[in-house]
Amino acid sequence: MKEPFLSDYTLNLMRVAFLLILLCFISGKTFSGGIRGKITTQKGEVLPYAGIAVKGTSNGTMANAEGVFEFTMPAGSYELIFQYLGFKSATKTVIVGSDFVTLDVQLEEQALNLKEASVASGQEDPAFSIMRKAIAKARFHQLQVRGYTAKVYSRSTALPTKIPFLVEKRLKKEGVQEGKAILNESVAEIKYRRPNNYSQHIVSTRNSLDNSIPSPNEYILASLYSPEIAGTVTPLSPKAFGFYKFEYEGYFEDQGQIVNKIKVIPKAYGEGVFKGSLYIIEDRWAIHSYDLQTTTSGLNISAKQIFSPVQNVWLPVNQQFKINGSYLGFAGEFRYLVSLTYNKLDVDPGLKEDIVINDHKKEATAGSGDRTKNLEKLIKDQKEFSTKNFRKLTKQYEKEQKKENKMEAGSDRMVRQDSIVVDPNANQKDTIYWQNLRPIPLTKSEVISYSQQDSIKVVKDAENEKKKPDSTHFKARHLITGNTYSFANRSTFYFKSPVLSISYNAVEGNSLNIITEWQKKWDKSYRFSIRPLARYSFGRKRLYGNIETNIGNNKWNLLLTGGEMASQFNRNNPILPFPNSLAGRLFDQSLMKLYQQRFIRTEYSIKNIADILGIDVSLEYEKRKELYNEPSSRPIFFWSQYDYTPNRPLNDELANTGFPQHNALLLDLTANIRPWRRYLIRNGEKRYLRSKGPSFAVNYKSGLPFAGDVDYSILQGTIRQNLSLGPRSSLDYSLNGGGFLSKKQIYFQDYRHFMGNEFFFQWGDPPYQFRMLPYYKYSTSEWFFQAHAVWSLQHFLLTRIEPLRVTGLSETLQVHYLKVPTISNYSELVYGIDNIYRVVRVEAVAQFHNGKYQRMGFRIGTNIRIGR
Numbered sequence: 001m002k003e004p005f006l007s008d009y010t011l012n013l014m015r016v017a018f019l020l021i022l023l024c025f026i027s028g029k030t031f032s033g034g035i036r037g038k039i040t041t042q043k044g045e046v047l048p049y050a051g052i053a054v055k056g057t058s059n060g061t062m063a064n065a066e067g068v069f070e071f072t073m074p075a076g077s078y079e080l081i082f083q084y085l086g087f088k089s090a091t092k093t094v095i096v097g098s099d100f101v102t103l104d105v106q107l108e109e110q111a112l113n114l115k116e117a118s119v120a121s122g123q124e125d126p127a128f129s130i131m132r133k134a135i136a137k138a139r140f141h142q143l144q145v146r147g148y149t150a151k152v153y154s155r156s157t158a159l160p161t162k163i164p165f166l167v168e169k170r171l172k173k174e175g176v177q178e179g180k181a182i183l184n185e186s187v188a189e190i191k192y193r194r195p196n197n198y199s200q201h202i203v204s205t206r207n208s209l210d211n212s213i214p215s216p217n218e219y220i221l222a223s224l225y226s227p228e229i230a231g232t233v234t235p236l237s238p239k240a241f242g243f244y245k246f247e248y249e250g251y252f253e254d255q256g257q258i259v260n261k262i263k264v265i266p267k268a269y270g271e272g273v274f275k276g277s278l279y280i281i282e283d284r285w286a287i288h289s290y291d292l293q294t295t296t297s298g299l300n301i302s303a304k305q306i307f308s309p310v311q312n313v314w315l316p317v318n319q320q321f322k323i324n325g326s327y328l329g330f331a332g333e334f335r336y337l338v339s340l341t342y343n344k345l346d347v348d349p350g351l352k353e354d355i356v357i358n359d360h361k362k363e364a365t366a367g368s369g370d371r372t373k374n375l376e377k378l379i380k381d382q383k384e385f386s387t388k389n390f391r392k393l394t395k396q397y398e399k400e401q402k403k404e405n406k407m408e409a410g411s412d413r414m415v416r417q418d419s420i421v422v423d424p425n426a427n428q429k430d431t432i433y434w435q436n437l438r439p440i441p442l443t444k445s446e447v448i449s450y451s452q453q454d455s456i457k458v459v460k461d462a463e464n465e466k467k468k469p470d471s472t473h474f475k476a477r478h479l480i481t482g483n484t485y486s487f488a489n490r491s492t493f494y495f496k497s498p499v500l501s502i503s504y505n506a507v508e509g510n511s512l513n514i515i516t517e518w519q520k521k522w523d524k525s526y527r528f529s530i531r532p533l534a535r536y537s538f539g540r541k542r543l544y545g546n547i548e549t550n551i552g553n554n555k556w557n558l559l560l561t562g563g564e565m566a567s568q569f570n571r572n573n574p575i576l577p578f579p580n581s582l583a584g585r586l587f588d589q590s591l592m593k594l595y596q597q598r599f600i601r602t603e604y605s606i607k608n609i610a611d612i613l614g615i616d617v618s619l620e621y622e623k624r625k626e627l628y629n630e631p632s633s634r635p636i637f638f639w640s641q642y643d644y645t646p647n648r649p650l651n652d653e654l655a656n657t658g659f660p661q662h663n664a665l666l667l668d669l670t671a672n673i674r675p676w677r678r679y680l681i682r683n684g685e686k687r688y689l690r691s692k693g694p695s696f697a698v699n700y701k702s703g704l705p706f707a708g709d710v711d712y713s714i715l716q717g718t719i720r721q722n723l724s725l726g727p728r729s730s731l732d733y734s735l736n737g738g739g740f741l742s743k744k745q746i747y748f749q750d751y752r753h754f755m756g757n758e759f760f761f762q763w764g765d766p767p768y769q770f771r772m773l774p775y776y777k778y779s780t781s782e783w784f785f786q787a788h789a790v791w792s793l794q795h796f797l798l799t800r801i802e803p804l805r806v807t808g809l810s811e812t813l814q815v816h817y818l819k820v821p822t823i824s825n826y827s828e829l830v831y832g833i834d835n836i837y838r839v840v841r842v843e844a845v846a847q848f849h850n851g852k853y854q855r856m857g858f859r860i861g862t863n864i865r866i867g868r
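Numbering follows our numbering, in which position 463 of the sequence shown is assigned residue number 463; successive positions increment by one, without gaps.
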């Protein structure tokens, strides 16, 4: 039975060997004319990723990491411009026939000239005046291009330099090894229309790991002319002088233009700012090129871009991005190359370069003109503007453009419209296709990476004939790890590891959960799921659980659930199972307070009504029964200062929180309003963005007496907002208040409870949870008001030290406040250090009652999540 398999396996290896020989043959064979060569310094040192452009056109390419380039071109005579940051551009004339021309180029280091004016003591550096002009004209340069069509070749190379021992062997089987490059190439056609409409067609893609289709990368759509890129303030932002200092380093000439080199110096380097060099063209005040670095979450990011003139507009033609760093034992480097060729470029004829921008702080300027005029007419009538006035005029012009777009789109909430289409055969292109199309040659190590992965794929394919994949077949190890199984027709089955579902509390003792979920998706956003949960309490020797079903799409959802559970009195579950298990077993604390709930519940949600409104309606019927601590419940370690407390919560307002067995029918209505919400459209679907303004919520809850034993009503409102205060600073706040309108019959479950905490360890990142508030001490059946504010910043105390700041470390200052009838003013002041090793959080908490200091506490937490 094995002979056929061995025969096929040998045949596959022979095929790979043949492909490798063919690849070597192809590498040396010429299919059409062009140029090839190597770009070095005058000392013979390689200039990696140097740019090559065809003068007078948008055609160009890049050299690879070894300085080698190969550029296919039709027969003819061309002037080629070779560029590299820090070196003089070289122009070479070549005549291309039916064969390749070899042209090795040496570039000379760029010497900077200094202007006659020198910076005297106390005077402003000339860089500031240059930057004021460049900033004033930044949006103008973005608006110049009304649209374009471009062909984009991108290549990403990931190089693992450190892999944890525990996963090293398994990853090696998948082709991931230390020191071995993982490649991904793609070719896309991009169409752009002003102001923010992009369409992308992924024509082809190739991956040395598994040849999967990558998500289109957003790097190629970013612009340094924008005020921010991914939350990082650019040097051309109107706010730049609040975050940067600039130094003039000299100028040089390139392609008939004077180019100023500006050193970009952040006032405090870290997340949200750049450092490096920016090259600005004199008089045009446009970007010639840049070499900038930033950091995020401890990762170092380097970005380089070279611009070339296309139809008298300087546009980016090649880009480089490099990311390196480490995380949870992994370390490596990621490099991303982009080469753009503009096929059709639509330049706004009214926004021409023949204008003069004067620094409003240094140079006199003619009157600013009538700002009610169209910017195009003003440019035609008035050739000279101050930096201040030109920024205002450009802003006014942009507003007019947005009004026009609003009339076309029908809403000013839409900020962008994209379409991304992946060709069905994008990952089926052969080696010959890539050899002919690839504008940046592969390096020797990249060729080896592809060939090695082809060999690994043959072995894996042969093994998969015998081995059943994890995604469709059960394995014994899934009992420990859990797994998601994928089936035909877009359906999945999820099985959570029972090992990760074991918990402990004083009422149930040890409990084991069996959680599964089957989900089916269809059309664009419809889904249906069934999620059964079985729970066995070893302490109560009882099996119970529930089942939950959901059906809906991105506009509505209907939920139906029911069963029997031991539930917390606070339905928001302030105590999570894992911290409670730690507290119960190791620290002799019974934090979680539970009651038995037999219930059936339905909930209907409508989302995105008029883009800003959401409504949730739920109806629940439950039978409630009091539970008590199991006599056998006991910790592993006993502590003199702790002890298990009864399962009846302690409360200042209600002396006895026990209750008789009773029934409850509960109606819950919630309306959420986000007036400042915006969205983008991708492939015809709306994708909502985080609102910059506050959101509002109104909630009404009532116990209906005609079918239950409770009779009450409560009304409350909430305001929440996350404010960006800068590139490394944000303020997240929440205000919540309300009261009971009636309470003819009410039990402790129906009180207004708050998100307290009495344990030193916190799971997740709860911005609206108290750090030291007793869980049920201040629960109320009267009125209440609470406020939470978390200020996150990266330049406060410890984060003033740059080596700590660039690791991604951040600090928080927090205020948590509660006012109820039983305590007038409860407050907590918190100082926290977040992102220690990117996963740990430490907080110091000061507790106050009516303004009087009570005690100090410390909290430690993590954001790591395991399973669903």
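Where is the CB? At the ideal position from N, CA and C, for every residue including glycine. Keep in mind it's a predicted model, so treat the numbers as computed, not measured.
Length of the line joining the Cα atoms of residue i and residue j
i    : j    : result
A331 : T161 : 5 Å
T822 : E653 : 7 Å
S486 : W518 : 10 Å
G172 : L159 : Note on residue identity: the sequence assigns Lys, not Gly, to residue 172. Their Cα atoms are separated by approximately 13 Å.
G298 : N425 : 38 Å
E168 : Q177 : 7 Å
R585 : F761 : 14 Å
L669 : G737 : 16 Å
P574 : I714 : 20 Å
H201 : Y526 : 25 Å
E384 : E353 : 11 Å
Residues near residue i by beta carbon distance below 6 Å, same chain, minus five either side
i    : result
S537 : E508 and S511
K623 : R598 and N663
A65  : P48 and T443
Q847 : M772, E828, Q854 and R855
S98  : G33
E603 : L559 and S618
Q319 : Q305 and V338
K701 : D668 and I714
N207 : N184
Residue(s) in a DSSP beta bridge with residue i
i    : result
Y628 : BP columns for Y628 are empty, so no partner.
S742 : S713
R527 : K521 and G552
W783 : G739
K38  : V68
Neighbourhood of residue i by C-beta, 7 Å cutoff - its chain only, sequence neighbours within 5 removed
i    : result
V790 : D732, P767, T812 and Q814
A136 : I357, T387, F390 and R391
L85  : S289, D291 and K304
Residue i, buried or exposed, once every other Cβ within 10 Å from all chains shown has been counted against 16
i    : result
P349 : exposed
S339 : buried
K772 : For the sequence presented, residue 772 should be read as Met rather than Lys. When all chains shown are included, M772 counts as buried.
I39  : buried
V203 : buried
V842 : exposed
Contacts around residue i, its chain only, beta-carbon distance under 8 Å, and the 5 residues preceding and following it disregarded
i    : result
N629 : A506, V507, S590, Y644, P646 and N647
D359 : S129, R132, K133, S386 and T387
T472 : Y485, S486 and F487
At least 3 beta-carbon pairs within less than 8 Å: the stretch 742-752 vs the stretch 650-665: With contact defined as three or more Cβ pairs closer than 8 Å, the stretch 742-752 and the stretch 650-665 are in contact.
Decide if the stretch 224-234 is in contact with the stretch 261-274; the criterion is three or more beta carbon pairs, one per stretch, under 8 Å apart. Taking a cut-off of 8 Å on C-beta distances, the stretch 224-234 touches the stretch 261-274, as three or more cross pairs fall below it.
Three or more beta-carbon pairs under 8 Å between the stretch 629-638 and the stretch 685-696, yes or no? Segment contact: the stretch 629-638 against the stretch 685-696, fewer than three CB-CB distances shorter than 8 Å; contact not assigned.
Okay, do the stretch 606-620 and the stretch 671-685 touch, 3+ Cβ pairs below 8 Å being the bar? Judged by Cβ distances under 8 Å, the stretch 606-620 makes contact with the stretch 671-685, as three or more pairs qualify.
I'd like to know if the stretch 246-263 and the stretch 278-288 are in contact, where contact means that at least 3 CB-CB pairs between them fall below 8 Å. Two segments are said to touch when three or more pairs of C-beta atoms, one from each, lie closer than 8 Å; by this definition the stretch 246-263 touches the stretch 278-288.
So does the stretch 300-314 actually touch the stretch 48-60, counting three or more Cβ pairs closer than 8 Å? The answer is yes - the stretch 48-60 touches the stretch 300-314, with three or more Cβ pairs under 8 Å.
Within the chosen definition, does the stretch 282-289 reach the stretch 74-81 through at least 3 CB pairs nearer than 8 Å? No contact exists between the stretch 282-289 and the stretch 74-81.
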